[in-house]
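Colleague: Attaching a single structure in structure tokens format; questions to follow.
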């Protein structure tokens with residue numbers, strides 16, 4: 098049974114957990130500060146919009162997708178923007194070093210101050226207002242701070258039910274947890290993808306929708322193993338990033354990256370084709386939506402065109418599907 102906060106008790110034959118994630122918080126920083134925002138829920142989005150309109154200087158803590166999307170939006174509104182990232186590169190856990198370098202250059206060219214390998218080692222508060230951050234020993238005044246330092250899977254309910262959890266609710270290929278009567282889907286789950294051959298936790302709309310379809314098949318008595326090509330996108334100002342497949346971890350033996358120019362003479366439009374040996378495993382695109390769509394079809398079909406052939410932009414990718 099499930100017991101609600103109201104005290105109501107609901108029986109079930111099958112239960113689906115879709116508890117999502119919760120935003121990480123800066124250690125020691127209190128809640129309720131009037132110039133600190135987060136972005137995980139609709140109410141927080143409305144709150145950020147209002148605060149962004151009033152601020153002139155915006156500091157984004159975290160160089161992930163959400164942080165960079167907000168940073169680009171704020172810069173387009175004419176705000177002074179800085180991004181503080183603890184890692185040595187932006188989007189370090191999500192994209193290749195080559196694409197990461199392009200993203201960094203694009204944001205800096207737009208006038209965003211990006212600090213890498215930066216550590217927040219203190220802050221000052223006056224009442225309900227964050228006055229400043231201490232970044233690597235230097236004081237940084239704060240007008241508006243957006244916290245985008247990642248998310249943690251919401252597993253409290255799953256743990257209370259005695260389910261196996263390990264950086265997420267562990268599920269099998271049918272979205273079933275360690276209790277076959279309980280399924281889990283979305284950002285809260287950890288599963289093994291055959292393309293990566295390792296446990297993954299993906300935070301994306303696409304993954305949540307695809308896992309929901311797999312769970313529905315399980316619940317309706319027509320189970321089919323979850324085997325869906327991961328894909329993702331992010332729009333950061335005028336830059337559109339699209340990814341299909343999973344970037345091999347750095348140091349993967351046999352990993353080769355091939356760059357394909359995008360349409361026209363735009364140097365900011367290109368695709369990166371990632372091979373492990375002769376196998377195409379991932380394609381990252383910047384401002385090249387047609388190549389992204391064709392790349393998804395190639396990956397879904399299990400096609401691995403010759404690396405030299407995909408580097409030739411004069412040859413349409415659809416030719417490799419024939």
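In this note's numbering, the protein residues as written are 98 to 419.
Here a beta-carbon is modelled for each residue, glycine too, at the ideal position from N, C-alpha and C.
Note that the coordinates shown come from a computational prediction; the quantities given were computed from them, not determined experimentally.
Which partner residues does residue 235 have in the DSSP bridge list?
Modeller: In the DSSP output, where bridge partners are listed per residue, residue 235 has 232.
Colleague: Measure the C-alpha to C-alpha separation of residue 266 and residue 398 and round it to an integer number of angstroms.
Modeller: C-alpha separation (whole angstroms): 30 Å.
Colleague: Taking only beta-carbon positions, decide if residue 323 is within less than 8 Å of chain B.
Modeller: Protein chain content of the structure displayed is limited to a single chain, and chain B is not contained in it.
Colleague: Counting C-beta neighbours from all protein chains within 10 Å, is the total for residue 372 16 or more, i.e. buried, or is it exposed?
Modeller: Result: buried.
Colleague: Let me check understanding here. Comparing Cα to Cα, which of 407, 330, 405 and 401 lies closest to residue 188?
Modeller: Among 407, 330, 405 and 401, the Cα nearest to that of residue 188 belongs to 330.
Colleague: Could you tell me which of 315, 185, 179 and 261 sits nearest to residue 230, measuring between CA atoms?
Modeller: Taking only the C-alpha atoms, the option nearest residue 230 is 179.
Colleague: Answer with buried or exposed for residue 193, where buried requires no fewer than 16 other C-beta atoms within 10 angstroms of its C-beta.
Modeller: Its Cβ being crowded by 16 or more others within 10 Å, residue 193 is buried.
Colleague: Return yes when the Cβ of residue 287 is within less than 8 Å of the Cβ of residue 298, no when it is not.
Modeller: Closer than 8 Å, so yes.
Colleague: How big is the Cα-Cα spacing for residue 306 and residue 109?
Modeller: The straight-line gap from Cα to Cα measures roughly 23 Å.
Colleague: Taking its Cβ as the centre, do 16 or more other Cβ atoms sit within 10 Å of residue 103, making it buried, or is it exposed?
Modeller: Residue 103 is exposed by the Cβ-count criterion.
Colleague: Cutting at 7 Å between CB atoms, please list the residues of its own chain near residue 410, excluding the five before and the five after it.
Modeller: Taken in chain order, the residues that qualify are 357 and 358.
Colleague: If contact is defined by three or more beta carbon pairs under 8 Å, each pair taking one atom from either stretch, is the segment 106 to 122 in contact with the segment 244 to 262?
Modeller: Short answer: they touch.
Colleague: Counting C-beta neighbours from all protein chains within 10 Å, is the total for residue 345 16 or more, i.e. buried, or is it exposed?
Modeller: By the neighbour-count rule (16 or more Cβ atoms within 10 Å), residue 345 is buried.
Colleague: Identify, in the order they occur along the chain, each residue of the same chain with its Cβ nearer than 6 Å to the Cβ of residue 382, setting aside the five sequence neighbours on each side.
Modeller: Cβ neighbours of residue 382 beyond the five flanking positions: 339, 368, 388 and 389.
Colleague: Which residues in the same chain have their Cβ closer than 8 Å to the Cβ of residue 218, if we skip the five residues on either side of it in sequence?
Modeller: Answer for residue 218: 231, 232, 233 and 234, listed in chain order.
Colleague: Below 8 Å, how does it come out for the segment 237 to 244 and the segment 135 to 150: are there three or more Cβ pairs, yes or no?
Modeller: Because the criterion of three Cβ pairs below 8 Å is met, the segment 237 to 244 and the segment 135 to 150 touch.
Colleague: Once the 5 residues before and after residue 127 are set aside, which same chain residues still bring their CB inside 8 Å of it?
Modeller: Answer for residue 127: 222, listed in chain order.
Colleague: Runs of 3 residues minimum, wholly inside the segment 262 to 301: which ones carry the beta strand (DSSP E) assignment?
Modeller: Segments of the beta strand (DSSP E) lying fully in the segment 262 to 301: 279 to 281, 286 to 290 and 295 to 297.
Colleague: Provide the residue span of the alpha helix (DSSP H) that contains residue 163, from first to last.
Modeller: Segment 162 to 173, the alpha helix (DSSP H) holding residue 163.
Colleague: Using the rule of at least 16 other Cβ atoms within 10 Å of the residue's Cβ for burial, across every protein chain shown, is residue 311 buried or exposed?
Modeller: That one is buried.
Colleague: Between which two residues does the beta strand (DSSP E) carrying residue 368 extend?
Modeller: Residue 368 -> beta strand (DSSP E) spans 367 to 373.
Colleague: Using the Cβ count rule (16 or more neighbours within 10 Å means buried), how would you classify residue 176?
Modeller: Residue 176 should be labelled buried.
Colleague: Just grab the DSSP bridge partners of residue 210 for me.
Modeller: Its beta-bridge partners are 179.
Colleague: Could you tell me the boundaries of the beta strand (DSSP E) in which residue 417 lies?
Modeller: No beta strand (DSSP E) contains residue 417, which DSSP labels as neither H nor E.
Colleague: Output needed for residue 132: all residues of its chain with C-beta closer than 8 Å, excluding positions within five of it in sequence on either side, in chain order.
Modeller: Counting only Cβ-Cβ distances below 8 Å, and skipping sequence neighbours, we find 148, 152, 226, 227, 239, 240, 241 and 242.
Colleague: State the Cα-Cα distance for the pair residue 392 and residue 290, rounded to the nearest angstrom.
Modeller: Going from the Cα of residue 392 to the Cα of residue 290 covers about 19 Å.
Colleague: When the distance is taken between beta carbons, is residue 292 closer than 8 Å to residue 342?
Modeller: Contact: yes.
Colleague: Take residue 216 as the anchor and find which of 105, 184, 134 and 141 has the nearest alpha-carbon.
Modeller: Nearest option by C-alpha distance: 184.
Colleague: Ends of the beta strand (DSSP E) at residue 158?
Modeller: 154 to 158 is the span of the beta strand (DSSP E), which, as asked, contains residue 158.
Colleague: What number of angstroms, rounded off, separates the C-alpha of residue 254 from the C-alpha of residue 209?
Modeller: Whole-angstrom Cα-Cα distance: 40 Å.
Colleague: Less than 8 Å between the beta carbons of residue 285 and residue 252, yes or no?
Modeller: It is a contact, given that the beta carbons lie within the stated cut-off.
Colleague: Would you kindly report the start and end of the unbroken beta strand (DSSP E) that includes residue 340?
Modeller: Taken as a continuous stretch (DSSP letters only), the beta strand (DSSP E) holding residue 340 covers 336 to 342.
Colleague: What is the rounded straight-line gap between the Cα of residue 170 and the Cα of residue 385?
Modeller: Answer to the nearest angstrom: the Cα atoms are 21 Å apart.
Colleague: Per DSSP, which residues does residue 217 bridge with? Please list them.
Modeller: BP columns for residue 217 point to 232.
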